[in-house]
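Sequence positions in the sequence shown follow our numbering and run 1 to 239.
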Amino acid sequence: MGLIAKPLSFLLTWLYDVIGDYGIAIVILTVVVKLCLYPVYAKQTKSTMRMSEFQPKIQEIQQKYAKDKALMNEKLNELYKSEGASMYGGCLPMIVQMVVIMGLFALLRNPMQYITSSDMIFATHESFLWIKDLAQPDKWILPIAAAVATFISFSMSQSTMNTGGAAQQTAFMTKIMKYFFPIMILWMARSYPAGLAVYWFGSQVIQIFYNMRFNSWRKKQREEREAREAKNRKRRAKA
Numbered sequence: 001m002g003l004i005a006k007p008l009s010f011l012l013t014w015l016y017d018v019i020g021d022y023g024i025a026i027v028i029l030t031v032v033v034k035l036c037l038y039p040v041y042a043k044q045t046k047s048t049m050r051m052s053e054f055q056p057k058i059q060e061i062q063q064k065y066a067k068d069k070a071l072m073n074e075k076l077n078e079l080y081k082s083e084g085a086s087m088y089g090g091c092l093p094m095i096v097q098m099v100v101i102m103g104l105f106a107l108l109r110n111p112m113q114y115i116t117s118s119d120m121i122f123a124t125h126e127s128f129l130w131i132k133d134l135a136q137p138d139k140w141i142l143p144i145a146a147a148v149a150t151f152i153s154f155s156m157s158q159s160t161m162n163t164g165g166a167a168q169q170t171a172f173m174t175k176i177m178k179y180f181f182p183i184m185i186l187w188m189a190r191s192y193p194a195g196l197a198v199y200w201f202g203s204q205v206i207q208i209f210y211n212m213r214f215n216s217w218r219k220k221q222r223e224e225r226e227a228r229e230a231k232n233r234k235r236r237a238k239a
């Protein structure tokens, strides 16, 4: 993760030199990273939503050709091609996001491994809001805030990503992750430097707004699709 963490450390150092506050520098770095990743996230989300529209057709092919995997893959490829979608359309954006997030995680978990500026040695121990030392864990307020923000964000993401039958197949695992992931974040935020928890909380707050935007977009797309289908039914009825 050093290949990602090192450039991010330069940006964090520059922000601190300009602002003079390590906590605010982390917040701004979080915003910058999330904004840069927005096009990637948007592409992944829209690809997933697009797939949800023809999920019943996918399941029909999977059931019909369950005993012939080669033919099933061929039919699925034909379906994706006819729908103008890609089987792996959401994978690359997800990988890009994960690599950047892991790099940022590595940087804020152990900043002095990547930051060489002597001024930053002291900066990482600065206070921020009620936190006396950003290099030390905050035991309750920030971890709880990060866990709650994660729970809300994850719940909204499921609302955005649910894909009918596919969602039913993974409902149990999704329900587990909905509660396990925030608990894991709570534990990590209490165990690692508070600077990392500041990043995660800020990141999830921004993610909540992203999810609100895409849930609204999905609702609009669904209403437009239903209106087109109703119009087509009326046209066929008249014919």
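No residue lacks a Cβ here, since even glycine has one placed at the ideal position from N, Cα and C. The structure displayed is predicted, hence computed values, not measured ones.
Same chain, Cβ closer than 6 Å to residue i, five either side skipped, listed in chain order
| i | result |
| --- | --- |
| residue 19 | 25 |
| residue 107 | 5, 8, 9, 114 |
| residue 224 | none |
| residue 182 | 147, 150, 151 |
Selected residue, minimal CA-CA separation from residue i, among the options
| i | options | result |
| --- | --- | --- |
| residue 98 | 77, 126, 41 | 41 |
| residue 12 | 103, 21, 29 | 29 |
| residue 55 | 174, 70, 79, 15 | 79 |
| residue 114 | 7, 228, 234, 223 | 7 |
| residue 58 | 46, 74, 45, 103 | 74 |
| residue 297 | 100, 156, 72, 65 | Residue 297 lies beyond the residue range present for the chain, which begins at 1 and ends at 239; the question has no answer from this structure. |
| residue 104 | 202, 232, 222 | 202 |
| residue 215 | 154, 234, 181 | 154 |
| residue 176 | 228, 158, 211, 235 | 158 |
| residue 22 | 68, 119, 38, 49 | 119 |
| residue 16 | 123, 148, 173 | 123 |
| residue 37 | 49, 96, 63, 65 | 96 |
| residue 192 | 27, 82, 134 | 134 |
| residue 208 | 226, 227, 149 | 149 |
| residue 277 | 182, 48, 82 | Summary: the structure shown does not reach residue 277, with the chain confined to residues 1 through 239, and so no result is reported for it. |
| residue 117 | 14, 126, 236 | 14 |
DSSP state of residue i mapped onto helix, strand, coil
| i | result |
| --- | --- |
| residue 115 | coil |
Contact belief for residue i with residue j at Cβ below 8 Å, rounded distance in angstroms
| i | j | result |
| --- | --- | --- |
| residue 34 | residue 206 | 5 Å |
| residue 72 | residue 61 | 6 Å |
| residue 232 | residue 156 | Incorrect: roughly 32 Å between the Cβ atoms, too far for contact. |
| residue 194 | residue 142 | 6 Å |
Cβ neighbours of residue i in the same chain (closer than 8 Å, five flanking residues each side left out)
| i | result |
| --- | --- |
| residue 179 | 151 |
| residue 3 | 103 |
| residue 146 | 185, 186, 189, 197, 200, 201, 204 |
| residue 144 | 186 |
| residue 63 | none |
| residue 238 | none |
Contacting residues, own chain, Cβ-Cβ under 7 Å from residue i (five flanking each side not counted)
| i | result |
| --- | --- |
| residue 121 | 112 |
Are three or more beta carbon pairs between the stretch 130 to 141 and the stretch 189 to 204 nearer than 8 Å? They touch, by the three-pair rule.
Is the stretch 173 to 187 touching the stretch 119 to 132, taking contact as three or more C-beta pairs under 8 Å? no
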